[in-house]
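>
Shown next as structure tokens:
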């Protein structure tokens, strides 16, 4: 009886020590090397398992009515049809994704979500099957056909961890499409809050686009305002924002690996008229 | 412990960690996901006692921590405690346990143990996160995770606990020792 209890105390102390050290490490992060090593070793396996799981779902995916009709056909045809439907859906998604990235003609690497870094449902990171070998670096914009997904956090050779936009550690500069006012959007678990920098009006239904920075692609749709907290006396107006992207059902995403080659918006002054002959 | 038993434990734990992150957490279920790792740790603890539960819990938790988004060691702490506590049930005849040869175990026992373990696990996980200033731990998120995790883990139990129990008993039979 004493053996297990002593071991329990030792292992609990070890776990607590690890947790405390890892939680403290801001500038100096002793476990980053360990995590990077794990990413390197587990990445390929995770890609294989996640990819295989994805193909299994691809077969099961689809309209129930459609499946009812297909059940009467033979098994081979049914599997083939379901797989091709899934492929079409993915092609459409990729089209939308490329269309979105095309806006700034920024180089974008497509990737699939292979794992979710969640424990007991509190998670807000995902693992994708692209890494430093595909040109990814930490801090790059991640988007899907619907809009902003998050930014890359940790990049291994074969896989990368993406911090979702709903994580409390995620903040992005964002602009209201209707008013053009600038503010900051921050994750709060399942949605975002939006704070206006210098006052202004926010209305329910307004859409948000990223303002962009040196590392962040501008003009990516973030979400839509669902509620405005305009209690009198507050210095800043706060709004609740629901992301355009459904973070619980992510599949195909794109990582923006470089700055846009062109200015992503049409220039404000009209182009100069051609010189008279 | 026979080498076969050791190998079985190692392979099962690694496979479960991969399955958990690549498949189970991605299931489109409301509120959370089934925690195969917690059920697995309880299964080993119920089959072999607190020593096995504690070690399996620590190793499983540490491996899981490498792939998740919280501090290294948080899941290890949760699963170590869960493994030890569930192992005590194995050793206590009054709770329907008892070392091999004791009276037959109620089929409901693993379900109850897993439900209590899941609730305790989520609570310890959330409490540590709260103390460390993890902003994701809110009362809403905690309640949701508690209900979902307990429900999904109990659903997973009949598929995991009896299988692990039988396999462990088969593999740990060492003809030279007994």
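Residue numbers (this note's numbering), protein chains in the order written: chain A, 11 to 287; chain B, 1270 to 1447. Every residue, glycine too, gets a C-beta built ideally from N, C-alpha and C.
From the DSSP secondary-structure annotation, give me the bridge partner or partners of residue 219/A.
Position 209 of the first chain, counted from the start, is the residue given in the question as residue 219/A. Answer by DSSP bridge pairing, in chain order: 185/A and 231/A.
> Below 8 angstroms on the Cβ atoms is my contact criterion, and I expect residue 1354/B with residue 1395/B to pass it. Report the Cβ-Cβ distance as a whole number of Å.
Residue numbering aside, residue 1354/B sits at position 85 when the second chain is read from its first letter. Residue numbering aside, residue 1395/B sits at position 126 when the second chain is read from its first letter. About 17 angstroms separates the two Cβ atoms, so there is no contact after all.
> So if I threshold CB-CB distances at 7 angstroms, which residues from the region 1291-1315 of chain B count as touching chain A?
Flagged, chain order: 1291, 1292, 1294, 1295, 1297, 1300, 1301, 1302 and 1304.
> Measure from the alpha carbon of residue 1380/B to the alpha carbon of each residue in 1307/B, 1277/B, 1343/B and 1440/B, then state which is nearest.
For the purposes of this step, residue 1380/B is identified with residue 111 of the second chain, where counting begins at 1. Comparing Cα-Cα distances from residue 1380/B to each of 1307/B, 1277/B, 1343/B and 1440/B, the minimum goes to 1307/B.
> To which residues does DSSP link residue 205/A through a beta bridge?
The residue labelled residue 205/A in the question sits at position 195 within the first chain. Paired residues: 194/A and 248/A.
> I'd like to confirm the pairing. Which residues does DSSP put opposite residue 158/A in its beta bridges?
Locating residue 158/A in the first chain gives position 148, where the first residue counts as 1. Paired residues: 153/A.
> Determine whether the beta carbon atoms of residue 229/A and residue 254/A lie at a separation below 8 angstroms.
Against the first chain, residue 229/A aligns to sequence position 219. Against the first chain, residue 254/A aligns to sequence position 244. No.
> Could you have a look at residue 1406/B and say whether DSSP puts it in helix, strand or coil?
Taking the first residue of the second chain as position 1, residue 1406/B is located at position 137. Residue 1406/B: coil per DSSP, three-state reduction.
> Ordered along the chain, which non-local residues of its own chain (more than five positions away) have a Cβ less than 8 angstroms from that of residue 189/A?
For the purposes of this step, residue 189/A is taken as residue 179 along the first chain, with counting starting at 1. Hits under 8 angstroms: 210, 211, 212 and 216.
> Helix, strand or coil: which one does DSSP assign to residue 1338/B?
Taking the second chain and counting its residues from 1, one reaches residue 1338/B at position 69. Three-state result, residue 1338/B: coil.
> Looking at the secondary structure, which residues open and close the beta strand (DSSP E) in which residue 265/A lies?
Position 255 of the first chain, counted from the first residue, corresponds to residue 265/A. Segment 262-266, the beta strand (DSSP E) holding residue 265/A.
> If we ignore side chains and look at the alpha-carbon of each, how far apart do residue 1324/B and residue 204/A end up?
As a first step, residue 1324/B must be located in the second chain, where it is residue number 55. As a first step, residue 204/A must be located in the first chain, where it is residue number 194. Roughly 45 angstroms separates the two Cα atoms.
> Residue 1323/B CB to nearest chain A CB: under 8 angstroms?
The residue you call residue 1323/B lines up with position 54 of the second chain. Judged by the 8 angstroms Cβ criterion, residue 1323/B is in contact with chain A.
> Pop quiz: residue 260/A and residue 198/A are said to be a contact at Cβ under 8 angstroms. What is the actual Cβ separation, rounded to whole angstroms?
Looking up residue 260/A in the first chain gives position 250. Looking up residue 198/A in the first chain gives position 188. Rounded, the Cβ-Cβ distance is 19 angstroms, inconsistent with contact.
> Just to confirm my understanding: we take residue 1305/B, look at its own chain, exclude 5 residues before and 5 after, and list those with CB closer than 8 angstroms. What are they?
The residue labelled residue 1305/B in the question sits at position 36 within the second chain. Contacts found: 1285, 1288, 1289, 1293, 1425 and 1429.
> If you measure from the beta carbon of residue 32/A to each beta carbon in chain B, is any gap under 8 angstroms?
Taking the first residue of the first chain as 1, we reach residue 32/A at position 22. Yes, residue 32/A counts as interfacial toward chain B.
> On the criterion of 16 or more Cβ atoms from any shown chain inside 10 Å, does residue 177/A qualify as buried, or is it exposed?
Taking the first residue of the first chain as 1, we reach residue 177/A at position 167. Burial call: buried.
> So, is the C-beta of residue 1278/B closer than 8 angstroms to a C-beta in chain A?
Here residue 1278/B refers to the residue found at position 9 when the second chain is read from its first residue. By this cut-off, residue 1278/B is not an interface position.
> List the residues that DSSP assigns as beta-bridge partners of residue 49/A.
Taking the first residue of the first chain as 1, we reach residue 49/A at position 39. Note: residue 49/A sits in no beta bridge, so no partner.
> What are the residues in the region 115-126 of chain A lying within 9 angstroms of chain B by C-beta distance?
Within the region 115-126 of chain A, the qualifying residues are 123, 124, 125 and 126.
> Identify which residue in 1412/B, 1359/B and 1375/B has its Cα closest to the Cα of residue 1312/B.
Translated into positions along the second chain, residue 1312/B becomes position 43. Of the candidates 1412/B, 1359/B and 1375/B, the one whose C-alpha sits nearest the C-alpha of residue 1312/B is 1359/B.
> Got a sec: is the Cβ-Cβ distance from residue 167/A to anything in chain B below 8 angstroms?
For the purposes of this step, residue 167/A is taken as the residue at position 157 of the first chain. Chain B, which has no Cβ nearer than 8 angstroms to the Cβ of residue 167/A, makes this no.
> In chain B, which residues lie less than 8 angstroms from residue 45/A when you measure between Cβ atoms?
Position 35 of the first chain holds residue 45/A. What residue 45/A touches in chain B: 1335 and 1341.
> Terminal residues of the continuous beta strand (DSSP E) containing residue 120/A?
In the first chain, the residue the question calls residue 120/A occupies position 110. Where residue 120/A is concerned, the enclosing beta strand (DSSP E) stretches over 118-126.
> Identify, in the order they occur along the chain, each residue of the same chain with its Cβ nearer than 6 angstroms to the Cβ of residue 225/A, setting aside the five sequence neighbours on each side.
Indexing the first chain from 1 puts residue 225/A at position 215. So the qualifying residues of the chain are 149.
> Any beta carbon of chain B sitting closer than 8 angstroms to that of residue 130/A?
Here the question's residue 130/A lines up with position 120 in the first chain. Yes, its Cβ sits closer than 8 angstroms to a Cβ of chain B.
> Can you pull the chain A neighbours of residue 1407/B, defined as C-beta to C-beta under 8 angstroms?
The count along the second chain starts at 1 and reaches residue 1407/B at position 138. Going along chain A in sequence order, the residues near residue 1407/B (Cβ under 8 angstroms) are 199.
> According to DSSP, simplified to helix, strand and coil, what is residue 1377/B?
Here residue 1377/B is taken as the residue at index 108 of the second chain, counted from 1. If DSSP states are grouped into helix, strand and coil, residue 1377/B belongs with coil.
> Residue 127/A and residue 168/A: beta carbons closer than 8 angstroms?
For the purposes of this step, residue 127/A is taken as residue 117 along the first chain, with counting starting at 1. For the purposes of this step, residue 168/A is taken as residue 158 along the first chain, with counting starting at 1. No, they are not a contact pair.
> How many angstroms separate the CA atom of residue 98/A from the CA atom of residue 1349/B?
Here residue 98/A refers to the residue found at position 88 when the first chain is read from its first residue. Here residue 1349/B refers to the residue found at position 80 when the second chain is read from its first residue. Residue 98/A and residue 1349/B: Cα-Cα distance of roughly 46 angstroms.
> Would residue 269/A count as contacting chain B if we go by Cβ distances under 8 angstroms?
Start at 1 with the first residue of the first chain, and residue 269/A comes out as number 259. It does not: the Cβ of residue 269/A has no partner Cβ on chain B nearer than 8 angstroms.
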